[in-house]
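**Student:** To start, I am sharing the structure in question, which I have written as structure tokens.
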Amino acid sequence: MSLIPLFVVVPLGAAFLTPIFSKVWKGFPDWMGNLASGFLMGLSLWVLRFSGDTLVYYAGGWEPMDGIPVGIAMVLDGLTVMMLLIVNVVGFLVTIYSIKYMTHYTDKGKYYTLFLLMMAGLNGVLLAGDMFNLFVFLEITAIASYALVAFGVEAEELEASFKYQVLGGAASAIILLGIAIFYQLTGTLNMADASRVLVDVGGSPAVLFVGTLFLVGFSLKAALMPFHAWLPDAHPSAPAPISAMLSGVVIKVLGVYVLIRIFFNVFGTALLPPVLTIFLVLGTLSMVVGGFLALGQKDFKRLLAYSSISQIGYVMFALGLGTPLGILGGLFHLMNHAAFKSLLFLNAGAVVYNTDNRDMEKMGGLSQRMPVTGTTSLIGSLSISGIPPLGGFWSKLIIVLAAVESGHYILAGVAILASIVTLAYYLKVQKLVFFGGLKKVYEGLKEVPVFMCFSMIVLAILSLGLGVLLIPQLRGVVLDPAVKVVAGGIEYAKMVLGG
Amino acid sequence: MIAFVLAIILFLVGLYGILVKRNLIKIVIGLMIMEYAINLFFALVGYREGGTAPIVSEGLGDKILFVDPLPQALVLTAIVIGLGTTALLVSFAVRIYEKYDTLDVRKIRKLRG
Amino acid sequence: MMGMTLIVKRITQLMAPSLFLLGIYVVLHGHLTPGGGFAGGVLISGCFVLMVLAYGSEEVKSEARKWRASFSESLGIFLFWFLAILGLIQGSYFFFNVIAKVNPGLPNHLFSAGIIPLCNIAIGVEVGAALFAIFITLAILRVGEKL
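Chains as they are written, first to last, in the working numbering: chain A, 32 to 530; chain B, 118 to 230; chain C, 993 to 1139.
Here it is, written out as structure tokens:
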């Protein structure tokens, strides 16, 4: 039970220690960062045993009085356990990768400090049981990621990070306005308590206004279609491990997870039908436009960034269907996307580490010299395009089946079309970068160092094999409790406050 | 009531600054104004008619009406978050000026597509 | 950045210690009067910034001074983290007021409210050092210099 705060406490402590000791011993940031993220990964695997129940931890020991929670609550339920697993496993693999990759940049001490702060923020958002704690940890993650995007201070990175900051800052201001009006409506900040109050208040204009503010604010953080403008600049300019974290984890936690929590669990049936339609529309738009924009890209990482927009569109589309099968498909695709998008960004990083440019037309035939990178990239690309029996196929199949089941035949066809477009541009990437003739200037290349290969191989195995999570025994551990929490809607209040 | 409307108008002024202005520093100032307007709004949410400052001190007696202390604590945190964001933005603006030699947003467009 | 005239320097010499003392007062009495860690920290950093503005930036450019600001900031926030952890180590909750359980103290006295004044002191140190470090970075350092 008292393991729950450790998710936030350990990375915070490691982040605060790193600047003090990094001048004394040069290897300290590496050791501290990897030990901390390894511990977090072990902890997140350990809490899988609790995935069926809802654990609540009141910080400071302030227990609820008369059934009304008065303290800061940290809640661990099925959805949280699944997302914690994604965040901490990817985080650990990325820190292993950064041991060698960040030698190309200055000052590893600052990098690990910011990275551990970002991990603490992500875990805090997942565990937050009340709105303002959610906001504070959201801001910690966002500010750490602004600094990390511009880590190597070149002109392009600064510009991309500035754009990201202004849009992210405007989103945070809109979210804070929503929280202020939310507090005035319900008189409490605790999410479970507020959902009880909102059942009575119903669909009044104030609730609609708050819902709109939250939708706009968090869609900006999740890079859904009309609000996606920062993503194609920010994700390529960041160093590769940070791009993997941003695309694979941060936009999911800050955007999709919070949208699920707020609209399914807190607002519930008061706002749900129009919100589901909006998710459906925005998701379809992101899927299609993101895919088509990715076709025309020449920059490796920029193509991957547009592909992220497209895949998050898939997830929102699946959630917008509203049926339990749709929610299962959406959450499973979330998990898969974390695995293969991080893998693809780490591959791009390995290519940049060796060749120092991102323009795909200047590369070719690299898989002859870098076999591990080439093979893992092939596995990742096939998985994201939905080729059976790799992991991505199963989640896309469930999404299409859910669309057919709820009667949206045209949209199911659109989803399949977007999948074909995905296959098209990933095949283009593979052809331009890894296959074909080797250019003379790349004759002397060697494979990337062992640590980087280790992360890529583990992520490739995960992209291959995550389909096994659909086997009923394993599904009951990870995916089913998450679906139960989301589909249960306002039941969240009963489970947190105990009836 | 009028105070809430004025806070929202301040928020819209800040939003206008971000959307319309071309100088980087003016965009940063617009974002700052937005954040301060929200903090003001939030602090006003906690007001109760006829209440006093929510601190227990001597000579106060029982049954005193306090204003709501929760928004005050939250606004304190939000101000510090705003401080962190602003410091980061301004240092980025300084660095961009060194690299691009201009503060005009329309000219800082190396990334496109 | 050049310093200012002799009159300004003399007046700053008289005023800055009072400002510093005011900042410490606001920090220490955080549980009795409005203020606390953040506001007091801003006042403390204001004192240092006033000194730099009056005397010019040459005084601050030494390596040791710059590193001290950064180090005090990390130390302050680490102390705050440690105070929050004390509850967990002892077996009860995170952020638990461990001292108040043992020795509650009387209301409206300075030595009361358990862990809260210590937290205020840690935050005051941290915010003061952080704001001064931001000021040094933005106003004094040029390209290529490090903190």
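Built from N, CA and C at the ideal position, the CB exists for glycine as well.
Mind pulling the chain C residues with CB within less than 9 Å of leucine 193 (chain B)?
**Tutor:** Those within 9 Å of leucine 193 (chain B) in chain C are Gly1028, Phe1030 and Ala1031.
**Student:** Short of 6 Å in beta carbon distance, which residues of its chain neighbour glutamine 342 (chain A), apart from the five on each side in sequence? Order them along the chain.
**Tutor:** Correct list, in chain order: His368.
**Student:** Alpha carbon to alpha carbon, how far is glycine 496 (chain A) from methionine 318 (chain A)?
**Tutor:** Cα-Cα distance, rounded: 24 Å.
**Student:** Tell me the rounded alpha-carbon separation between valine 207 (chain B) and serine 450 (chain A).
**Tutor:** Distance between the alpha carbons of valine 207 (chain B) and serine 450 (chain A): 42 Å.
**Student:** Is it right to say leucine 1139 (chain C) is buried, meaning 16 or more other beta carbons lie within 10 angstroms of its own, or is it exposed?
**Tutor:** Residue confidence is low: leucine 1139 (chain C) scores 45 on pLDDT, short of 50, so the model does not pin down where it sits. Its coordinate-derived value is still stated next. It is exposed - the Cβ of leucine 1139 (chain C) has fewer than 16 other Cβ atoms within 10 Å.
**Student:** Compute the Euclidean distance between the alpha carbons of methionine 162 (chain A) and leucine 220 (chain A), then round it to the nearest angstrom.
**Tutor:** Straight-line Cα distance between these residues: approximately 6 Å.
**Student:** Flag this pair as yes or no: are the beta carbons of tyrosine 177 (chain A) and glycine 64 (chain A) separated by less than 7 Å?
**Tutor:** Their beta carbons are not under 7 Å apart, which means tyrosine 177 (chain A) does not touch glycine 64 (chain A) by this criterion.
**Student:** Output yes if chain C places a C-beta closer than 7 Å to the C-beta of isoleucine 174 (chain A); else output no.
**Tutor:** Isoleucine 174 (chain A) does not count as touching chain C.
**Student:** For glutamate 187 (chain A) versus serine 268 (chain A), is the C-beta spacing smaller than 7 Å?
**Tutor:** Yes.
**Student:** Could you pull out every residue in the same chain whose Cβ sits closer than 6 Å to the Cβ of serine 75 (chain A), ignoring the five residues on either side in sequence?
**Tutor:** Contacts found: Leu115, Leu116 and Asn119.
**Student:** Would you list the one or two residues that DSSP bridges to asparagine 221 (chain A)?
**Tutor:** Its beta-bridge partners are A:Asp161.
**Student:** Got a sec: is the Cβ-Cβ distance from glycine 188 (chain A) to anything in chain B below 7 Å?
**Tutor:** For clarity, residue 188 (chain A) is glutamate in the given sequence; the question names glycine instead. No, its Cβ sits nowhere closer than 7 Å to a Cβ of chain B.
**Student:** Output the boundary residues of the beta strand (DSSP E) element that contains methionine 105 (chain A).
**Tutor:** From DSSP, the beta strand (DSSP E) with methionine 105 (chain A) extends over 104 to 107.
**Student:** Going along chain F, which residues have a C-beta under 9 Å from glutamate 152 (chain B)?
**Tutor:** Looking at the structure shown, chain F is missing, and the protein chains on hand are A, B and C.
**Student:** When Cβ atoms are compared, which residues of the segment 33 to 54 of chain A fall closer than 7 Å to chain C?
**Tutor:** Answer set for the segment 33 to 54 of chain A: Ser33, Pro36, Val40, Leu43, Gly44, Phe47, Leu48, Pro50 and Ile51.
**Student:** Ignoring anything shorter than 4 residues, give me the alpha helix (DSSP H) runs that lie fully in the segment 160 to 203 of chain A, in order along the chain.
**Tutor:** Entirely contained in the segment 160 to 203 of chain A, the alpha helix (DSSP H) runs reaching 4 residues are, in chain order, 162 to 180.
**Student:** Within 10 Å of its beta-carbon, does arginine 223 (chain B) have 16 or more other beta-carbons around it, so buried, or fewer, so exposed?
**Tutor:** Arginine 223 (chain B) comes out exposed.
**Student:** Can we say the segment 382 to 393 of chain A touches the segment 319 to 335 of chain A, given the rule of at least three CB pairs closer than 8 Å?
**Tutor:** The segment 382 to 393 of chain A is in contact with the segment 319 to 335 of chain A.
**Student:** When you compare each of A:Lys54, A:Leu454, A:Gly507 and A:Phe348 to phenylalanine 323 (chain A) by their alpha carbons, which one comes out closest?
**Tutor:** It is A:Leu454.
**Student:** Alpha carbon to alpha carbon, how far is lysine 1001 (chain C) from alanine 253 (chain A)? Give it in angstroms, no decimals.
**Tutor:** The straight-line gap from Cα to Cα measures roughly 52 Å.
**Student:** Should alanine 190 (chain B) be flagged as near chain C, meaning a C-beta pair shorter than 7 Å?
**Tutor:** Cβ-Cβ to chain C under 7 Å: no for alanine 190 (chain B).
**Student:** Run through DSSP, which three-state label would asparagine 1112 (chain C) get?
**Tutor:** Looking at asparagine 1112 (chain C) - three-state DSSP - the assignment turns out to be helix.
**Student:** Name the residues in the segment 261 to 294 of chain A whose C-beta lies less than 9 Å from a C-beta of chain B; which are they?
**Tutor:** Those residues of the segment 261 to 294 of chain A that come within reach of chain B (Cβ to Cβ, closer than 9 Å) are Pro263, Asp264, Pro267 and Ser268.
**Student:** Could you tell me which chain B residues have their CB closer than 9 Å to the CB of leucine 1130 (chain C), listed as they occur along the chain?
**Tutor:** Ala204, Val207, Ser208 and Val211, listed in chain order.
**Student:** Helix, strand or coil for tyrosine 457 (chain A)? Go by DSSP, reduced to three states.
**Tutor:** Helix, per DSSP.
**Student:** Give me the residue from A:Ala211, A:Val228, A:Thr172 and A:Phe47 with the minimum Cα distance to phenylalanine 1074 (chain C).
**Tutor:** Selected option, being the one with the closest Cα: A:Phe47.
**Student:** Which of the three DSSP states is assigned to leucine 1139 (chain C) in this structure?
**Tutor:** Here the model assigns leucine 1139 (chain C) a pLDDT of 45, short of 50, so the residue's position is not dependable, and the following value carries that caveat. Note: leucine 1139 (chain C) maps to coil in three-state DSSP.
**Student:** Is there a C-beta anywhere in chain B that falls below 7 Å from the one on phenylalanine 59 (chain A)?
**Tutor:** No, because no Cβ of chain B sits closer than 7 Å to the Cβ of phenylalanine 59 (chain A).
**Student:** What separation, rounded to the nearest whole angstrom, lies between the Cα atoms of isoleucine 144 (chain B) and glutamate 190 (chain A)?
**Tutor:** In a straight line, the C-alpha of isoleucine 144 (chain B) is about 14 Å away from that of glutamate 190 (chain A).
**Student:** Spatial neighbours of valine 403 (chain A) within its chain, please: CB distance less than 8 Å, with the 5 preceding and 5 following residues excluded, ordered by chain position.
**Tutor:** Glu478, Val479, Cys484, Met487 and Ile488.
**Student:** With respect to the beta strand (DSSP E) encompassing leucine 86 (chain A), which residues constitute its N-terminal and C-terminal limits?
**Tutor:** Segment 86 to 89, the beta strand (DSSP E) holding leucine 86 (chain A).
**Student:** Between the segment 134 to 164 of chain A and chain B, which residues of the former have CB atoms less than 8 Å from a CB of the latter, in chain order?
**Tutor:** Listed by position, the residues of the segment 134 to 164 of chain A near chain B (Cβ gap below 8 Å) are Phe163.
**Student:** Does the count of Cβ pairs from the segment 411 to 427 of chain A and the segment 295 to 312 of chain A closer than 8 Å reach three?
**Tutor:** No, the segment 411 to 427 of chain A is not in contact with the segment 295 to 312 of chain A.
**Student:** Using a 10 Å radius around the Cβ and a threshold of 16 neighbouring Cβ atoms, would you call methionine 118 (chain B) buried or exposed?
**Tutor:** Counting Cβ neighbours within 10 Å, methionine 118 (chain B) comes out exposed, since fewer than 16 surround it.
**Student:** Would you say proline 186 (chain B) and alanine 160 (chain B) are within 7 Å of each other, going by their C-beta atoms?
**Tutor:** Contact flag unset, no.
**Student:** Scan the segment 119 to 149 of chain B for residues whose Cβ lies nearer than 8 Å to a Cβ of chain C and list them as they occur along the chain.
**Tutor:** Listed by position, the residues of the segment 119 to 149 of chain B near chain C (Cβ gap below 8 Å) amount to none.
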